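Residue numbers (the numbering used here), protein chains in the order written: chain Y, 76 to 352; chain G, 76 to 352.
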């Protein structure tokens with residue numbers, strides 16, 4: 076027995092599309108909306124989505140679970156649109172990489188009892204419907220950030236819903252989530268993008284890199300819409316993390332300027348100790 | 076018919092060990108030295124090395140080709156030791172990530188006629204004999220930096236030798252190589268290590284990262300000996316590349332401080348344009 080028999084998925088990108096595929100494969104009735112009509116048409120034709128919603132999202136009101144899978148700035152707008160429609164919905168969840176503003180918005184618009192924010196640590200640098208696939212969440216941690224008003228039934232359903240997709244739920248306060256993710260996800264992402272921009276300006280292409288350099292710059296290929304919204308939403312915490320990275324780069328530059336082989340070795344050794352830990 | 080029937084490999088780490096495996100598999104007689112006696116013993120027992128050399132390297136004089144596969148600072152010392160032994164050697168090559176000082180040293184110690192510096196763009200963050208494997212160089216670019224005094228026969232042999240291992244030789248001036256590699260290899264490496272150190276200081280472990288963050292920090296696991304020597308040897312060019320990365324990080328921080336969503340989107344978009352190019 077599934078956690079739900081019907082779901083509405085708003086946004087059929089990498090994450091929403093993969094979720095729709097998993098749900099449909101489990102026999103869940105999936106209705107969906109995407110701003111790109113051709114993605115929606117493809118999802119219908121492939122049998123992954125059973126009913127297309129229009130931009131009002133009105134048809135989502137008849138689903139047991141609603142998943143909002145759009146960039147985090149757009150999630151806030153979608154929650155406002157869902158507020159008057161959700162009287163009979165058991166659970167609304169999302170997939171954004173930042174949680175504080177989204178959870179606060181859910182409370183403000185009156186969705187606090189049924190909203191459990193979620194952030195699955197799955198995906199990759201690819202984006203869009205064409206990158207979506209079944210099984211994306213298998214084995215992935217998913218942070219769950221409920222509102223303070225959430226009903227116990229909604230909280231349990233969120234846990235069950237994500238477990239059925241193969242994810243491992245970890246409950247976490249939204250502010251704590253955003254501070255932690257600034258380091259574990261947003262910082263690596265911006266370092267990768269900053270490196271890409273430095274290489275671009277110096278005329279070095281990605282094909283000039285070896286396998287190591289290609290790995291370090293892989294996240295530069297991610298969706299600009301998704302990541303601009305994340306960075307904007309979690310700016311203060313990310314700025315602190317970037318400042319810490321600047322300190323480490325400056326220390327490397329000092330050691331280089333002083334031709335200090337011992338200091339260089341100590342720095343690479345400390346990095347490797349962290350890696351092996 | 077092989078490019079050579081006998082080879083001496085100095086250093087049985089990831090690169091030297093993999094090369095010894097490839098050569099032995101092709102029927103080449105391999106003699107080798109490694110400062111770690113147990114690595115040498117393992118290589119002999121596995122039949123990858125047919126004769127162990129002692130620290131004088133005297134036995135290398137009877138090989139047609141000598142490959143120096145030790146960190147770049149040690150390569151300079153090994154070349155000095157080889158100088159009086161190499162009268163009948165057809166080719167000496169190496170595998171270091173910096174080339175200017177090594178090629179200059181080969182000239183200075185009288186090995187200019189038979190030395191062709193090499194830098195295969197293969198490997199990974201693993202290091203040591205236990206990480207070595209057959210086929211490591213298949214499909215990898217290898218930069219060849221001959222001395223100005225090199226004999227045509229040695230240059231041709233270097234080309235043939237590396238092609239037989241599956242690598243694609245690209246001839247390049249040593250100074251040009253080092254300036255280019257500061258961007259394509261050394262910069263990504265130090266960015267990865269600096270990120271690792273920033274995460275270490277904030278108490279974030281590698282297991283806390285998602286797949287993207289793990290990729291960006293992968294190079295932090297590389298050999299500290301190898302990389303301290305590379306950084307020290309190519310300090311000026313690397314410093315310039317790090318300065319360019321600092322400019323890009325500072326621009327991200329400016330956009331975050333000003334809450335400038337448009338600037339953030341433009342930066343992530345430019346990084347993705349580079350990625351897709």
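For every residue, glycine included, the Cβ atom is placed at its ideal position computed from N, Cα and C.
In this text the structure is predicted, and so the values were computed from the model without any measurement.
Backbone secondary structure at residue i - three-state DSSP
i                     : result
residue 259 (chain G) : helix
residue 296 (chain G) : helix
residue 192 (chain G) : strand
residue 231 (chain G) : helix
residue 112 (chain G) : helix
residue 81 (chain Y)  : strand
residue 126 (chain G) : strand
residue 101 (chain G) : coil
residue 145 (chain G) : coil
residue 132 (chain G) : coil
residue 157 (chain Y) : helix
residue 240 (chain Y) : coil
residue 339 (chain G) : helix
residue 245 (chain G) : strand
residue 118 (chain Y) : helix
residue 269 (chain G) : helix
residue 345 (chain Y) : helix
C-alpha distance - residue i paired with residue j, whole-angstrom precision
i                     : j                     : result
residue 108 (chain Y) : residue 202 (chain Y) : 17 Å
residue 106 (chain Y) : residue 90 (chain Y)  : 15 Å
residue 352 (chain G) : residue 319 (chain G) : 20 Å
residue 177 (chain Y) : residue 148 (chain Y) : 9 Å
residue 160 (chain G) : residue 125 (chain G) : 20 Å
residue 329 (chain G) : residue 302 (chain G) : 32 Å
residue 348 (chain Y) : residue 170 (chain G) : 25 Å
residue 323 (chain G) : residue 236 (chain Y) : 41 Å
residue 211 (chain G) : residue 286 (chain G) : 24 Å
residue 277 (chain Y) : residue 239 (chain G) : 33 Å
residue 344 (chain G) : residue 299 (chain Y) : 5 Å
residue 81 (chain Y)  : residue 94 (chain Y)  : 13 Å
residue 280 (chain G) : residue 274 (chain G) : 7 Å
residue 331 (chain Y) : residue 110 (chain Y) : 50 Å
residue 113 (chain G) : residue 123 (chain G) : 14 Å
residue 132 (chain Y) : residue 173 (chain Y) : 23 Å
residue 221 (chain Y) : residue 272 (chain G) : 33 Å
residue 135 (chain Y) : residue 167 (chain Y) : 10 Å
residue 145 (chain Y) : residue 292 (chain G) : 28 Å
residue 92 (chain Y)  : residue 137 (chain Y) : 20 Å
Proximal residues to residue i (C-beta, below 6 Å), its chain only, five neighbours per side dropped
i                     : result
residue 250 (chain Y) : 175
residue 268 (chain Y) : 295
residue 185 (chain Y) : 158
residue 353 (chain G) : Residue numbering for chain G in the displayed model covers 76 to 352; residue 353 (chain G) lies beyond these limits and cannot be assessed.
residue 143 (chain Y) : 85, 150, 153, 169
residue 297 (chain Y) : 200
residue 234 (chain G) : 244
residue 242 (chain Y) : 195, 212, 215, 217
Beta-carbon contacts of residue i that lie in its chain and below 7 Å, excluding the five residues immediately before and after
i                     : result
residue 312 (chain Y) : 253, 254, 257
residue 317 (chain G) : 262, 265
residue 104 (chain G) : 80, 81, 125
Interface flag, residue i vs chain Y, CB-CB below 9 Å
i                     : result
residue 204 (chain G) : no
residue 287 (chain G) : yes
residue 149 (chain G) : no
residue 114 (chain G) : no
residue 173 (chain G) : no
residue 209 (chain G) : no
residue 279 (chain G) : yes
residue 248 (chain G) : no
residue 166 (chain G) : no
9 Å Cβ cutoff, residue i in contact with chain G
i                     : result
residue 157 (chain Y) : no
residue 243 (chain Y) : no
residue 184 (chain Y) : no
residue 80 (chain Y)  : no
residue 221 (chain Y) : no
residue 212 (chain Y) : no
residue 317 (chain Y) : yes
residue 266 (chain Y) : yes
residue 253 (chain Y) : no
Contact test: residue i Cβ vs the ligand ADP heavy atom, cutoff 8 Å
i                     : result
residue 239 (chain Y) : No copy of the ligand ADP occurs in the structure displayed, which carries no ligand at all.
Beta-carbon contacts of residue i that lie in its chain and below 8 Å, excluding the five residues immediately before and after
i                     : result
residue 307 (chain Y) : 148
residue 165 (chain G) : 79, 139, 140, 189, 228, 229, 232
residue 209 (chain Y) : 93, 96, 97, 100
residue 315 (chain G) : 257
residue 181 (chain G) : 154, 167, 187, 190, 192, 222
Scan the segment 271-336 of chain Y and note each continuous beta strand (DSSP E) run of 3 residues or more that stays entirely inside, going in chain order.
none
Unbroken stretches of the beta strand (DSSP E), 3 residues or longer, contained in the segment 164-227 of chain G:
166-169, 190-195, 216-221
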